[in-house]
Amino acid sequence: MILIRKLLPVLVIAVSVAIASLIYINKPVAKRRPSHPKTLTVETITLQPRQFPIIIQTQGIVEPRTTTTLIPRVSGEIIKVSPNFRPGGFFEAGETLLTIDPTDYRLDSKAAKAALAESMFNYEEEKAQSQQAADNWKRLGRTETPSDLVLRKPQLERAKAAVDSARAQLQRVQLNLQRTQIKAPYAGRILEQSVDRGQYVSPGNSLVKIFAIDYVEVRLPITEKQRGLIDLPQPYRGETNADYVGPEATIHASIGGKNYQWPGRVIRTEGTVDRSTRQVFVIVQVDNPYKKHDDGRPPLEIGQFVKADIQGQVLHDVFALPRTAVQGSNTIMVVDNDNRLQRKSIDVLWETHDQLLVNQGVSAGEKLCVTYVPFAANNVKVNVASDQQNHRSDLAHKPAHGHSSNPHSGQQGKPAASRHQDRS
């Protein structure tokens, strides 16, 4: 009994080892399947050079072309105001906006006329006395030339000076009488009203602030790179650029939930560069901003925020690459004649919301891979699923709305980036 207890553990271990050996010897063998490497399938477009008119997009504030503060030259009580003498009121050139009480100036005018008549009488009297003195000198038989004092010439000059002074005083009084009517120097609109009927004003008091309405100006910032793509004047000392015709522009504004457009044109540039943004400013002129149109377009308001599209130069022999074709930072993939992928770097000349315009790094007839394959290596074999021309005929002459690829442009366009970055 004791012997069996001692041999039982050994027997169990021996049986276990035998079973394990049997399982190991009869283990199943995994079947290997033959490997079939897959070929990547991509879509391509054939690149062709095109011409693209550039549209510069920017934004700014509507400003009046001329702003004037009217100040009286005479003092008095305002006795009459124009019905349009209110903020926002329109007026025409020469229209009387205010009338100052002219009573005192009419009385001064009568007094000045009387003083002028008296001085003219004295002058005529002095002329007669001077002539009489000359005749008396001849009757006396004097042969020498009489002195000026004998001929009363100083007295005559004094009388003539008194006439001139009285006439000037009358002109001054009549001018002050005319100045009691404050007239508009041009057709415009009232911006700020400072006085009203019954108020006493003096020279130097501000009456009203007005602005011209023949056209308004929009001050628009552009980057240095954008500036090179617009036909802008280069004023030099001694030149006026009177014959300069700037590029056309379209002003956009949203009013009451609706979008409206106004045609304009670039008329000049400012002579400075902004120190903080390194931008230059162009001035777009919009004619007749307050003219009523059949399409119900509202007038442009001073201080209104607007967006602008400025026609730039036409880029010749450039390639338009869809943003989805960018595989990395300014990197694209092309398919060569052996259907192998080749990675290339591009230098973006201009960009829109969906296209990148380049003129270097690619050539006509190359097949651009538009399938997103960011991890594909060079020379990898691919299948081309479909190939299209770079652009359909209806897009060949579509203007390129967008911004330069300069990341510091301060505009809303996205810089060239990978498709992965666009998705994120």
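Going by my numbering, the sequence shown opens with residue 29, and the numbers climb by one from there. All residues carry an ideal CB built from backbone N, CA and C; glycine is no exception.
Answer yes if the stretch 359-379 comes into contact with the stretch 329-336, meaning at least three C-beta pairs across the two stretches below 8 Å, and no otherwise. no
In terms of residue numbering, what span does the beta strand (DSSP E) encompassing Tyr133 cover? Position 105 of the sequence shown holds residue 133. Note, Tyr133: premise wrong, no beta strand (DSSP E); alpha helix (DSSP H) at 131-167.
Closest by C-alpha distance to Val70, when choosing among His381, Val376, Met361: As a working mapping, residue 70 is identified with position 42 in the sequence shown. The shortest CA-to-CA distance from Val70 to any of His381, Val376, Met361 is the one to Met361.
State the DSSP-derived secondary structure class of Arg255, mapped to helix, strand or coil. Numbered from 1 along the sequence shown, position 227 holds the residue referred to as residue 255. Note: Arg255 maps to helix in three-state DSSP.
Buried or exposed for Lys395, going by 16 or more other Cβ atoms inside 10 Å? As a position in the sequence shown, residue 395 is number 367, starting the count at 1. Buried, because 16 or more other Cβ atoms sit within 10 Å of the Cβ of Lys395.
Burial state of Thr74 (16 or more Cβ within 10 Å): As a working mapping, residue 74 is identified with position 46 in the sequence shown. Exposed, by the Cβ-count rule.
Among the residues of its own chain, which have a CB less than 8 Å from the CB of Lys141, if the five just before and after it don't count? One-based indexing of the sequence shown puts residue 141 at position 113. The residues are Leu198.
According to DSSP, simplified to helix, strand and coil, what is Lys335? Indexing the sequence shown from 1 puts residue 335 at position 307. In this structure, Lys335 counts as strand in the three-state DSSP scheme.
What I want to know is whether the C-beta of Tyr133 ends up closer than 7 Å to one or more non-hydrogen atoms of the ligand FAD. This structure lacks the ligand FAD; in fact it carries no ligand of any kind.
For the beta strand (DSSP E) that Ser373 lies in, which residues bound it at each end? The residue you call residue 373 lines up with position 345 of the sequence shown. Its beta strand (DSSP E) spans residues 369-373.
Assuming Arg93 and Val244 are in contact, meaning their beta carbons sit under 8 Å apart, how far apart are those beta carbons, in whole angstroms? The sequence position of residue 93 within the sequence shown is 65, counting from 1. The sequence position of residue 244 within the sequence shown is 216, counting from 1. So it is a contact: roughly 6 Å between Cβ atoms.
For Ala42, which three-state DSSP category applies? Locating residue 42 in the sequence shown gives position 14, counting from the first residue. Helix, per DSSP.
Have a look at Lys166 and Val102 and give me their C-alpha separation to the nearest angstrom. In the sequence shown, the residue the question calls residue 166 occupies position 138. In the sequence shown, the residue the question calls residue 102 occupies position 74. Approximately 54 Å between the Cα atoms of the pair.
Leaving out five residues on either side along the sequence, give the residues of the same chain with a beta carbon under 8 Å from the beta carbon of Gly324. Within the sequence shown, the letter at position 296 stands for residue 324. For Gly324, where only same-chain residues beyond five positions count, there are no Cβ hits under 8 Å.
Entirely within the stretch 181-241 and at least 3 residues each: give me those beta strand (DSSP E) ranges in chain order. 209-211, 216-221, 236-240
Check each candidate in Ile41, Pro77, Pro111 and name the one with the smallest Cα separation from Gly389. By one-based count along the sequence shown, residue 389 stands at place 361. Of Ile41, Pro77, Pro111, the residue nearest in Cα terms is Pro77.
Ala392 - DSSP class collapsed to helix/strand/coil: Indexing the sequence shown from 1 puts residue 392 at position 364. Ala392: coil per DSSP, three-state reduction.
Are the beta-carbon atoms of Phe119 and Leu126 separated by less than 8 Å? Along the sequence shown, one-based indexing puts residue 119 at 91. Along the sequence shown, one-based indexing puts residue 126 at 98. Going by C-beta atoms, Phe119 is not nearer than 8 Å to Leu126.
Within 8 Å, strictly: CB atoms of Ile99 and Ser234: Against the sequence shown, residue 99 aligns to sequence position 71. Against the sequence shown, residue 234 aligns to sequence position 206. Yes, Cβ-Cβ distance for Ile99 and Ser234 is below 8 Å.
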